[in-house]
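Each residue of the sequence shown is one higher than the one before, starting from 753 at the first, in the numbering used here.
Glycine residues also receive a C-beta, built at the ideal position from the N, C-alpha and C atoms.
In this text, all values refer to a predicted model and were calculated from it rather than measured experimentally.
The block underneath contains the structure these notes are about, expressed in structure tokens.
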Amino acid sequence: MKLTACPMDCFDACKVVYKDGTCKPSDDYITNKKLCKNFAYLIQEKNIIDKNLNETLKKVANKLKEPNQKILYYKGTGNMGVMQKVPMKFFEKIGATFAVGDICCAGGEAGIEMGRKYSINPNIEDLQASEVILVWGRNFTQTSAHIYKLVKDKIFITIDPVKTPIAKKSEVFLQIPPKGDYLLAKLLQKALDNEDIDIDDLNKLNITQEQFNKTIELLTKNKVSAMIGIGAQKYKEGAIIIHEMDKVFNKLNLFDGKNRGVWYLGSGTYPFENKISVKPTKTCTYADIKFDDYDVVFIQAANPVISAPNTQYLIESLKNTFVIFMGTTANETSKYADIIIPAKTFLQKKDVRASYGHDEVTFCEVCEENDYAISEYDLTSYLFKEFGFDGLLSEDEYLDCFKTKINDKPDINFINHDTKNVELLDLKDDEFYLITSKNTDNLNSQFKYDDYAYVHPSKGFADNQLVTISSKIDSIQIKVKNDERIYSNSILIYAGNKQVNRLTSNEISDCGTNATFQDIKLTVG
Ligand code: SF4
């Protein structure tokens, strides 16, 4: 019997027991004997192999050795094991440019760091001890199903433009317009300071006085925790939106010396001395990358052709450069690769899996052998030898640094910053907001794509009607489905849909170099 962990980009980081060729859920308190359907999809994937792996590696080394090249290192989140980052050691040595920032959550992280310096979650026990959980822009039951099950009997307040499953079981559901989070945070702060609230502001947010009063009552008369998702920060001003939300939590005393009740995507490796970290000298940002600015692009565990904003622009730039792709499966991005390096799957290599949702850490054992693929550590070791570099530690030295905690959860001395006003998007009658939530049948660009754009029934479209949706960036043809759960002036297209990022902009956020997926207006023709 071997222990490993689900490698996917998910809060829960479930532990997996491997025996006789089969993966079973562990019975520890987070995984609790259950893995999700995405895990079932994962282990059925057809993985890339290469029977001439040595020759392929030689080609990679030769290409990287060519003189006077600009080289880009671009790492995705297809596998969340810490050893995914080891190739950075090599690319740092050769002076490559590193893609930094994020396309997902960096704006929110920057907003958190404005007020409390560290984006570190509390202990899960604090969540379990709360009476009321405020779920703000997070599809809690579906994106952290295991953590949700630990607290499913609490009282919930949900703030979201979509009536998610957690919204349906919430005592109060505030269905605000996309980007309404800033104004709502300001109103909650005022109410907590006993200041009057302008009813026109509540109307702008689609909130009744009664709902608002009930929210304040629940927040002030109970022990509260907050689960923040990435929805509120998918805008140019994402960082300050999250900072204003944090000010609400500060007024609720959730940062009383330590973070005692606010969860975002926390750093699971914060407690450890992370020997894998590097200090690249040249960087560019994920969200507005131009691949053909580089002679060679090394893409690892990523599928930017689907996941990154403004994909048509990105594809054109990918066609004009030399692409080395490393991954476990072929995807839309690997089609543009000049060399493909098959990566070992999570079952085939040692690793450490930390979580951004809780504090559990899993040391992953080798469960299966595969001579036709390579781990990230072995690739790095090979390239170090080829280039005559020294300084790479042994695989176990990198893994072992996650055995001893050297940092406690940080103290917080919350700092309030004044922020500029964040207006709602100014929509004309025929314009729509874009919502790009996660779907339950896929994880980022992996697995089953949802082909539809979801619209509110009040807009008068027929199910399966083929429409043209346009933004200032591009247009797509897509079928619609009616869905009364979404905010009326919105179009929901799930993240991972093959077309949605043709509409999104590669403008980056003001802070945190994040993508701004939802800062775009749409029209339908
Ligand atoms: S819930 Fe998340 S961590 Fe658990 S098996 Fe599913 S994808 Fe993996």
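Please identify the residue among the options whose C-alpha is closest to the C-alpha of residue i.
{"i": "Tyr1065", "options": "Asn873, Ile864, Leu1255 and Leu936", "result": "Leu1255"}
{"i": "Ala765", "options": "Asp772, Lys771 and Asn784", "result": "Asn784"}
{"i": "Glu818", "options": "Ser1240, Ile1164, Ile1230 and Phe1139", "result": "Phe1139"}
{"i": "Ile864", "options": "Val1014, Lys1273, Lys1200 and Lys1190", "result": "Val1014"}
{"i": "Leu1186", "options": "Gln1270, Gln985 and Lys803", "result": "Gln1270"}
{"i": "Lys1102", "options": "Asn1083, Thr1085, Ser1127 and Thr1081", "result": "Ser1127"}
{"i": "Thr967", "options": "Asp950, Ala943, Glu989 and Ala1106", "result": "Ala943"}
{"i": "Asn1168", "options": "Ile1245, Ile1028, Lys869 and Val1057", "result": "Lys869"}
{"i": "Lys1347", "options": "Asn1191, Val1276, Ile951 and Asn1266", "result": "One cannot answer for residue 1347 here, as it falls past the ends of the chain, which runs 753 to 1277."}
{"i": "Thr972", "options": "Trp888, Ile909 and Gln985", "result": "Ile909"}
{"i": "Ser1096", "options": "Lys827, Asp1226 and Leu1131", "result": "Residue 1096 is actually Lys in this sequence, not Ser. Selected option, being the one with the closest Cα: Leu1131."}
{"i": "Phe791", "options": "Lys811, Lys803, Ile949 and Val769", "result": "Val769"}
{"i": "Glu883", "options": "Glu969, Lys920 and Lys798", "result": "Glu969"}
{"i": "Asp780", "options": "Lys771, Thr756, Lys789 and Lys798", "result": "Thr756"}
{"i": "Tyr1016", "options": "Pro929, Tyr1088 and Arg890", "result": "Arg890"}
{"i": "Ile1289", "options": "Thr1265, Ser1222 and Asn1266", "result": "This structure gives no information on residue 1289, because the portion of the chain shown stretches from 753 to 1277."}
{"i": "Asp854", "options": "Ile1272, Leu1274, Lys1273 and Gly1264", "result": "Gly1264"}
{"i": "Asn1072", "options": "Asp1044, Pro1094, Ile795 and Asn955", "result": "Asp1044"}
{"i": "Asp1262", "options": "Asp905, Lys810, Ala991 and Val1219", "result": "Ala991"}
{"i": "Lys845", "options": "Ser922, Ser1133, Asn946 and Asp945", "result": "Ser1133"}
{"i": "Thr1188", "options": "Val1219, Ile1272, Leu1144 and Pro777", "result": "Ile1272"}
{"i": "Lys771", "options": "Ser1029, Pro917, Met753 and Lys815", "result": "Met753"}
{"i": "Phe1001", "options": "Asn1122, Trp888, Cys857 and Val812", "result": "Trp888"}
{"i": "Asn946", "options": "Asp905, Lys803, Lys1003 and Glu1147", "result": "Lys1003"}
{"i": "Phe1115", "options": "Glu1147, Lys1137, Lys1087 and Tyr1088", "result": "Glu1147"}
{"i": "Ala897", "options": "Met979, Lys1180 and Cys856", "result": "Met979"}
{"i": "Leu805", "options": "Cys1153, Ile993 and Pro1094", "result": "Pro1094"}
{"i": "Val1252", "options": "Ser1240, Ile1228 and Asn1241", "result": "Ile1228"}
{"i": "Asn1122", "options": "Leu787, Leu794, Lys803 and Gly833", "result": "Lys803"}
{"i": "Ser1240", "options": "Asn1191, Ile1067, Leu1179 and Phe1098", "result": "Leu1179"}
Round the Cβ separation of residue i and residue j to the nearest angstrom and send it over; I've been treating them as touching at under 8 Å.
{"i": "Phe763", "j": "Ile899", "result": "6 Å"}
{"i": "Gln821", "j": "Asp1090", "result": "About 13 Å separates the two Cβ atoms, so there is no contact after all."}
{"i": "Ile782", "j": "Glu1112", "result": "6 Å"}
{"i": "Ile1092", "j": "Phe1074", "result": "At roughly 13 Å, the Cβ-Cβ gap does not stay under 8 Å, so Ile1092 and Phe1074 are not in contact."}
{"i": "Asp998", "j": "Gly867", "result": "5 Å"}
{"i": "Glu1025", "j": "Ile1158", "result": "5 Å"}
{"i": "Glu1120", "j": "Gln1100", "result": "5 Å"}
{"i": "Arg1105", "j": "Pro759", "result": "7 Å"}
{"i": "Phe842", "j": "Leu1135", "result": "5 Å"}
{"i": "Asp912", "j": "Gln927", "result": "7 Å"}
{"i": "Pro929", "j": "Asn958", "result": "6 Å"}
{"i": "Thr1085", "j": "Ile1051", "result": "6 Å"}
{"i": "Val903", "j": "Leu879", "result": "6 Å"}
{"i": "Ile872", "j": "Pro1162", "result": "6 Å"}
{"i": "Tyr826", "j": "Val1049", "result": "6 Å"}
{"i": "Asn1249", "j": "Tyr1206", "result": "In fact, because the Cβ distance is near 10 Å, the residues do not count as touching under 8 Å."}
{"i": "Leu1274", "j": "Ile1225", "result": "No, Leu1274 and Ile1225 are not in contact; Cβ-Cβ is about 10 Å, not under 8 Å."}
{"i": "Ala1267", "j": "Pro1061", "result": "5 Å"}
{"i": "Ile951", "j": "Gln961", "result": "6 Å"}
{"i": "Phe964", "j": "Ile949", "result": "7 Å"}
{"i": "Phe1007", "j": "Phe1166", "result": "5 Å"}
{"i": "Val834", "j": "Ile1028", "result": "6 Å"}
For the ligand SF4, residues whose Cβ lies under 5 Å from any non-hydrogen atom: Cβ-based neighbours of the ligand SF4 within the cut-off: Cys758, Met760, Cys762, Asp764, Cys766, Leu787, Cys788, Asn790 and Phe791.
The segment 845–863 touching the segment 1023–1041, judged by at least three CB pairs closer than 8 Å: Segments in contact, yes.
At least three beta-carbon pairs within less than 8 Å, the segment 1225–1240 to the segment 1202–1210: Result yes; three or more Cβ-Cβ pairs closer than 8 Å.
Three CB pairs or more closer than 8 Å across the segment 1103–1122 and the segment 1015–1027: Enough Cβ pairs lie closer than 8 Å, so yes.
Stretch pair the segment 1161–1181 + the segment 927–947: three plus CB contacts closer than 8 Å: Look at the beta carbons and you see the segment 1161–1181 touching the segment 927–947: at least three pairs across the two are nearer than 8 Å.
Touching by the beta-carbon criterion (3+ pairs, under 8 Å), the segment 1036–1045 and the segment 1258–1273: Three or more beta-carbon pairs separated by less than 8 Å link the segment 1036–1045 to the segment 1258–1273, which places the two stretches in contact.
Given 8 Å, three or more beta-carbon pairs between the segment 1215–1223 and the segment 1143–1162: No, because fewer than three Cβ pairs between the segment 1215–1223 and the segment 1143–1162 fall closer than 8 Å, the two stretches do not touch.
Any 3 or more C-beta pairs closer than 8 Å across the segment 1004–1011 and the segment 1044–1063: No, the segment 1004–1011 does not touch the segment 1044–1063.
contact_flag[the segment 984–993, the segment 826–844] where n(CB pairs < 8 Å) is 3 or more: With a cut-off of 8 Å, the segment 826–844 and the segment 984–993 do not count as touching, because too few Cβ pairs lie within range.
Segments assigned beta strand (DSSP E), at least 3 residues, entirely inside the segment 1144–1216: Counting only runs of 3 or more, we get 1183–1187 and 1204–1207.
Completely contained beta strand (DSSP E) runs for the segment 847–906, where each covers 3 or more residues: For the segment 847–906, the full-length beta strand (DSSP E) segments reaching 3 residues or more read 849–852 and 884–888 along the chain.
Alpha helix (DSSP H) segments (min. 4 residues) lying fully within the segment 921–999: Within the segment 921–999, the complete alpha helix (DSSP H) runs of at least 4 residues are 933–944, 951–956 and 961–972.
Segments assigned alpha helix (DSSP H), at least 4 residues, entirely inside the segment 791–854: Counting whole runs of 4 or more residues, the segment 791–854 contains the alpha helix (DSSP H) stretches 805–817 and 839–845.
Segments of 3+ residues assigned as beta strand (DSSP E) that fall wholly inside the segment 1053–1134: Unbroken beta strand (DSSP E) stretches of 3 residues or longer found wholly inside the segment 1053–1134: 1074–1079, 1091–1094, 1103–1105 and 1114–1116, given in chain order.
Residue ranges of each alpha helix (DSSP H) within the segment 1000–1042, 4 or longer: As far as the segment 1000–1042 is concerned, it has no whole alpha helix (DSSP H) run of at least 4 residues.
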